[in-house]
Structures are given as structure tokens and as C-alpha cells.
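Protein chains: 2
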Amino acid sequence: MTLSPTGRRVGQNQVMTLFDDAIALTPDGENAVTAHTHPAWGNMVGPFGGITAATALAAVQAHPDAIGEPAALTVNFAGPLTEGPWRLRVRPVRTNRSNQHWLILGEQDGQTVLTGTALLALPHRGWEAQDAVMPVVDAPEAYPVAEIERTSEWLNRYRMRFVSGGLPGPTPTGDAESICWLSQTELRPWDHAAIAAAADASFPRIFLHTGMRAATGTVSMTTYFHDDAEVLAGTPEQLLLQAAASRFSEGMFDQHARLFAPDGRLVATSHQTVYYKVREP
Amino acid sequence: MTLSPTGRRVGQNQVMTLFDDAIALTPDGENAVTAHTHPAWGNMVGPFGGITAATALAAVQAHPDAIGEPAALTVNFAGPLTEGPWRLRVRPVRTNRSNQHWLILGEQDGQTVLTGTALLALPHRGWEAQDAVMPVVDAPEAYPVAEIERTSEWLNRYRMRFVSGGLPGPTPTGDAESICWLSQTELRPWDHAAIAAAADASFPRIFLHTGMRAATGTVSMTTYFHDDAEVLAGTPEQLLLQAAASRFSEGMFDQHARLFAPDGRLVATSHQTVYYKVREP
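The listed protein sequences correspond, in order, to chains A and B. Start counting at 1 in the first sequence, then tack on 892, and there's your number in my numbering. Start counting at 1 in the second sequence, then tack on 892, and there's your number in my numbering.
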């Protein structure tokens, strides 16, 4: 048996995508499921962090006791995930009137590979407002789809149209901001799991800051989801992804990302801290 | 016995502060300590979230197996913490060559009140850079210490000198950014626990956006620490705290904060998601 991963309503004519395949889960005793890395989502070393985060979130959403929809997700990449099956233990530790707190633990070959927490909350419509302002850009069609040297398989799962700050050239910019239109290569309605993955689709900011590829790896990532599933499902396929960094120090840098719907609505806010190793100049 | 909470070197003439008192811990079996809420850090309901976050971090740092210094901390406030003792279970789940991953679970009266994860990392000097730009402001003395209606005791633990976006007046600004010089009322060198607390010292952004007090509560908070303990200890007492919000929706808003040293160095980056309830206009 394969669990319906994210509670998403699948229409009659809708086919499973490589994303659905990658986050598919098999029950594995109480409070546990087995996931399996998917070659379509491979990165330089192990899988793309975004798909791992999405899988962790899917495990929470697939749990029979899950109440509400994702509001916040933190995942820590504790160690390398190698190709093959891995186990996710997810446990609701507190259910309140309008939200629910979850602990997440990922294991492979007897080692902890992931820790995390998730917050589910009941959808709530009411007073709302937005302070974040979407950058002024043209429609997606105004920018060519980036021809990226696809050193990692997961890059084939997205189309990126850079407005600014694309892949680094030989000259470092000294400014690690980038803006791009992002869409999934296989059309699939947005849901929280897909947003959790897309929030990790920015290149490591140190590539842009230094103009060089460096050894990097996301260590911890937190995403806040600002919309419920119904709003997400009706969101256009093209999202504007704005990414930047704050400080590179102590062998780590923080990277933040915002995903906007084309009408300017902020869909998600995400932050991560990333390990880096550069050759001293 | 009371554990030395944060591994901080205490000089001969240095006295314990109300901060040290509040994060003091007593061993309580393997992988567990008992903490106690402190009336000096009370908020409207329960303690100031920042002191709770600091206590959780102190519990990790006081653990005999702790290696390295705080790089990232996520705490989820799962339920109200009431006055009295509470128990923190902290467990290292993975120790790598240069970092260590921790799970945190807080309990009171048989209920989970807090979940979290912490990342410790070995201090590392090397290539560094900063993209975040400190706002251009005058020295702290140029701004008066805010006379805040001290409805919550924790407000007495800090001095705030607002450059912009102080406590809301009768007219909503529609822009929830604020900038203030922040210092601890009792002089005490900065360390990671104190930064974890200070990162939560901004008023809920919805007060500024709407011009009204609303019912709010931080639900989840993540802080990235950009400096090691030695650098923090030498950082001047006055930090520039810049806080803003992105979106208020689904009964939650995200709030981000940056803490800068006076020389412009970004000391910490923090994000939280906050529950709110407003009367519909």
C-alpha cells in the first residue's frame, strides 16, 4: 500500500508526477513510514534538500492523526542521505484547539539523517495584510528559460527564468540576491509539499557572492507557509522566487527565500543555514 | 547543584544577573534538566518567549556531551508555560566532524510545552563576508530610552532606544518595520543564550501594522547565530535590532529580526511565526 502523500485531491485525469513518486511513503509500524530516494531528484551528493523536506512534510500530512495544514516546517539535515530507502518517524506531541505540533526524525542505516519539527494549523480566513513587496518584474515570458549546466538531476525538475542574479559568471557580484520565475517542469498544482521543495530551489548564495562554486550543504531549513491548500491549488504555476543571503561566517551562511504568486501575494517565506568551504583567496 | 548554564567564563567580579537566574538548570536524570520560570521575565501570559528559548539553548549547552557552539536554534511554543518548574529533555542525535544535532522537548505537568532542535558547530575562522547592510543610524545616545508602559515584567530587562517604529500610536502605520538600539538593563556580556532571548525582543509586528494591541503569541522561532562565543563576549552592549513582518494571513504572521553590532556586523538573524487574533474592523 502506498499512502496518499499529502492529502491533495487527485483529479481523474491527473497523473502521478516524479514529485509524487519521490515523496511516496509506505507505512512502517506506528508513527513511522518508509521513504525512498528518487534518482530524478538527485543532487551533487545525495538528494536535493527540497525533496527531502517535502518528503518529511508529506510523512506528517499522511499520518492518520494529522489535523490541519502545514504552517511551519523546520528540517535539519543531520547527515548525508544515500540512495535507497530511509525511515521517517513522525509523532504528534501536542494538539491544541487550532494547531498541532510534530516531531520528525529521519533514519537510514541506523543513523539519524534528519531531525525536524512541523506545525499544522486549521485553515483560517479573516483579516489579512502583507508588508512584503514583490519586486517589479515583467511577465515570465519576457525572460528566457535558463540554460543551466545540469550537473544535478533535480535541476531538470524546474524551469527557471532569471530576472537578475542567475548562475555566477567569472566575476563575483558581491551581492548574493537573485530573482527568478520558477515553475515545475511537470505541471502539477501547488501544495505545501511542493512549496517546501521549491523554497530550496535557489542556488547556494555563496556561488553568487564569490563567483565560484564552493562545497556547500544546507544544514537547517525553516519554511513558513502563508496560504492554505485551497489557495495554493489555485495559484498559477509560475512563482517569483527571490533569494538573498545575510552573512557568511563561521563556515556557514544564512540564505532566505520568498515565493510570490504572480499577483504579488507572498506564498511562503523560507530561511536556511548552509555549510560552506571555500579555498582561501 | 546548579549547572553552569552556558559555558560562559564568569569573571571574578561578575555577579549573576536575573538572566542567569532565569536560565539556571538543575540536573534531572540522563538527558534531562529542570528549569524554573522566573517572575522577572514574565510576559502577559507565561514567560517572555525569548527567555524560554534561551533556557532551551542553555540546556543543550550544559549537556556533558555538547560539542561546539550554537549555530542554529528552533523552538516551538507548543502550549502555555505556567509559573513554576518545567523539564527539558535534550538529546544529541548526531555528532559529525564539525557539528552536532540536538532534539529538545519541554514538558510541564505531563504535557509537551516546547519542541525544538539545535545545531552546535565548532568555531571556524576563515573567509567571511556580509551582504546584510545595517541601517544608517546615529549612536544610541542620540535616541531617548523608550518610556514603555511596562505591562510585562520582561520589558524591564531591556533598554530600547527607538530609531523608528516604536510602540504604535493611535494611527496604524501600515508598515511593521522598526529599528531600535537594544541593551540589557543589567550589564552582562553577550553570549548565545542572551542573543537567543534578545532576538525575541521586538513587539509583535501586528501592533505596528494595525496600530492596535491584538492577542498574539509566538508559535515557532528560529535563530541563526553568526558569531562564536569569543566574538560575542567582546561585542558592545548596544545592539541594533531591526524587525519587520512579511505577511499576516491564516491567523499567523511571520516576523524577522536582525541584530547588528554597532560596527555593522550582523550578529544574528531570527524568524518567527506568530499567532494573532484581531477584531474584524
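A virtual CB, placed ideally from N, CA and C, is assigned to each residue, including glycine. Just so you know, these numbers come straight off a predicted model, no measurement behind them.
Residues bridged to V967 of chain A [DSSP beta-bridge criterion]: A:G1008 and A:M1113
C-beta atoms of A963 of chain A and H1101 of chain B nearer than 8 angstroms: no
Neighbouring residues, chain B, relative to P1015 of chain A (Cβ below 8 angstroms): E1142
Boundaries of the alpha helix (DSSP H) in which V1123 of chain B is found, first to last residue: A1121 to A1125
Beta-ladder partner(s) of S990 of chain B, from DSSP: None; S990 of chain B has no bridge partner.
Any 3 or more C-beta pairs closer than 8 angstroms across the stretch 974-982 of chain A and the stretch 939-958 of chain B: no
Neighbour-count burial assignment, M908 of chain A, 16 or more Cβ in a 10 Å radius: exposed
T1161 of chain A versus I1087 of chain A: straight-line alpha-carbon distance, rounded: 10 angstroms
For G1143 of chain B, the three-state DSSP class (helix, strand or coil): coil
G998 of chain B - partner residues in DSSP beta bridges: B:L980 and B:L1006
Chain B contact for W1019 of chain A (CB, 8 angstroms cutoff): yes
Top-ranked residue by Cα proximity to P931 of chain A, from A:P1096, A:D1030 and A:I943: A:I943
Beta carbon proximity, A1125 of chain B to chain A, threshold 8 angstroms: no
Contact with chain B by T1114 of chain A, beta-carbon distance below 8 angstroms: yes
Under 9 angstroms by beta carbon: chain B residues contacting Q1001 of chain A: For the record, residue 1001 of chain A in the displayed sequence is Asp; it is not Gln. Residues of chain B passing the Cβ test: none, with the nearest at roughly 13 angstroms.
Touching by the beta-carbon criterion (3+ pairs, under 8 angstroms), the stretch 1143-1163 of chain A and the stretch 1028-1039 of chain B: no
Residue from A:R1042, A:A954, A:L1131 and A:T1043 whose Cα sits closest to the Cα of P1027 of chain A: A:L1131
Rounded C-alpha distance that separates D920 of chain A from A1010 of chain B: 27 angstroms
Host alpha helix (DSSP H) of F1099 of chain A (start-end): R1097 to T1102
Residue-level contact to chain B via CB, H928 of chain A, 8 angstroms cutoff: no
Between the CA atoms of V952 of chain B and H928 of chain B - distance to the nearest angstrom: 16 angstroms
Rounded C-alpha distance that separates G934 of chain B from L997 of chain B: 21 angstroms
Where G1156 of chain B falls: helix, strand or coil (DSSP): coil
Partners in chain B for G971 of chain A, counting only beta-carbon separations shorter than 9 angstroms: R986, N988 and H993
Backbone CA spacing between L1059 of chain A and M1144 of chain A [nearest angstrom]: 20 angstroms
DSSP bridge partner residues for R1051 of chain A (one or two, in chain order): A:S1075
Beta-carbon proximity list for L1047 of chain B, same chain, < 6 angstroms, skipping 5 on both sides: I1040
Paired residues, beta bridge with E961 of chain A - DSSP: A:A1013
Residue nearest to V1005 of chain A in terms of C-alpha spacing, selected from A:W1073, A:A1149 and A:V1111: A:V1111
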